[in-house]
Amino acid sequence: MMLVNSSVVCVFYNKNKNIHKYLMIIFLFFKELYCKGLSYIIYTYRAILSLRISVMLFPGTSMYVSSFKPSEPRHRTICKTYNLQTIINNLNVLLGFGEKIKNVEWACGGSLISDRFVLSAAHCSEIGKKTPVKWALLGDNDIGSNEGAADPKIREIVERILHPNYKPPSMYNDIGLYRLSTPVKFNQFILPVCLNSEEQLTTKQAIAIGWGRTSSAGQTSNVLMKVSLDFVEQNECNRSYSSSTNPNLKFGINPSNQICAGQMEGGKDTCQGDSGGPLQIVHPEFECMYTQVGITSFGKLCGEPNAPGVYTKVSNYVSWIDSIVWPTSS
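The sequence shown begins at 1 in the UniProt record's numbering and counts up one residue at a time.
Structure representation (structure tokens):
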């Protein structure tokens, strides 16, 4: 993969169940401040009661902003700016296999969505004949070096919750939640990500993150890499993944729960080892933020022409995620 610039990460927030009682304050005056400076936090709260509240905190002040939007699931996010190096450190989680940590084999990616849960692909629960995924490495962007300011943390995975409609070898509903043994403490290197709940994507490009191979026959990377990919329309993607040539895609690419992205002329792609990692776009409301829209699921030969990667569409599963990660807020 190749590195690209980014400036903001988002994390889930679960705090005030009565926050909707605050008065609505129009915030257009502050819109231009969103991307200026490094000291603000933006909270977003989506409720089952069709109320969405954003909370913008500046040093010493806070603004509560609400707007109505029907039938949205409840989830909360905190968004805070960091520099590029910090973004690379905290947006991805490495998932490892092996009974003992000293023998761990890192083989999948994921994203932290709370202090106890990692979001990843369902097929990352077991890969080949390996034992079930057991370890999560957080806050590290270079597993080949002990240098730098980051303080990586390792947690044991004690529960693997796969989507009930994930039926391998079928490639649909490739999404899972992995519960950590103990909560992680958030810091500038370890922060959860925002999840997208919008059905329609208005941007043409996304950013994928992972530790996978840099070519089909290459080695996995010790350094967390990022690549900019183009979204590929369903019809075009189905020409690469037709049900007639892939029995595990009986209905072809399903646009309600799958996204295609890549570079149709070849050259840019995710690869083996990137599975489970996040696919992100610029936040649809706040240009300085990013939000996760997909989970790396599967593909063909890495970077080949006319062979985009396929990603699980996060927005289709937000309600399911909420029901497990934040059951008391549903």
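C-beta: ideal position from N, C-alpha, C; glycine also.
- The beta carbons of Ile295 and Ile161 sit no closer together than 9 Å.
- Beta-bridge partners of Asp230 (DSSP): Gln205, Gly262.
- Taking a cut-off of 8 Å on C-beta distances, the region 252-263 touches the region 307-325, as three or more cross pairs fall below it.
- In this structure, the CA atom of Gln292 is about 5 Å from the CA atom of Leu195.
- Setting aside the 5 residues that flank it on each side, Ser170 is surrounded in the same chain by Asn248, each with a C-beta closer than 6 Å to its C-beta; the list follows chain order.
- Annotation: the continuous alpha helix (DSSP H) that includes Trp320 extends over 318-325.
- Distance from Asn306 to Ser240 at the Cβ level is roughly 6 Å; contact confirmed, criterion being Cβ atoms closer than 8 Å.
- With contacts defined as CB atoms closer than 9 Å, Ile113 and Ile321 qualify as a contacting pair.
- The beta-bridge partner set that DSSP reports for Arg155 consists of Ala136.
- Per DSSP, Ala121 is not a residue of any beta strand (DSSP E), being assigned neither H nor E.
- Counting only the Cα atoms, Ile209 lies some 7 Å from Leu224.
- Taking 8 Å as the upper bound for CB-CB distance, Ser111 and Val193 are in contact here, some 5 Å apart.
- The beta carbon of Glu159 lies closer than 6 Å to those of Arg179 in the same chain, with the five residues before and after it left out.
- Secondary structure of Lys102 (DSSP, three-state): helix.
- Comparing C-alpha distances from Ser181 to each of Pro278, Trp135, Asn316 shows the shortest one belongs to Trp135.
- Apart from sequence neighbours up to five positions away, the residues of its chain that approach Cys237 with a beta-carbon distance below 7 Å are Ile253, Cys260, Pro308, ordered along the chain.
- Collapsing the DSSP output to three states places Val193 in coil.
- If you look at Arg116, you'll find it isn't in any beta strand (DSSP E); DSSP assigns it neither H nor E.
- Under the criterion of beta carbons closer than 8 Å, Asp174 and Ala206 do not qualify as touching, at roughly 17 Å.
- For Ser297, the enclosing beta strand (DSSP E) begins and ends at 290-298.
- Residue pairing by DSSP places Tyr311 opposite Ile259, Thr296 in a beta bridge.
- As a beta-bridge residue in DSSP terms, Val282 pairs with Tyr290.
- Beta-bridge analysis with DSSP links Met225 to Gly210.
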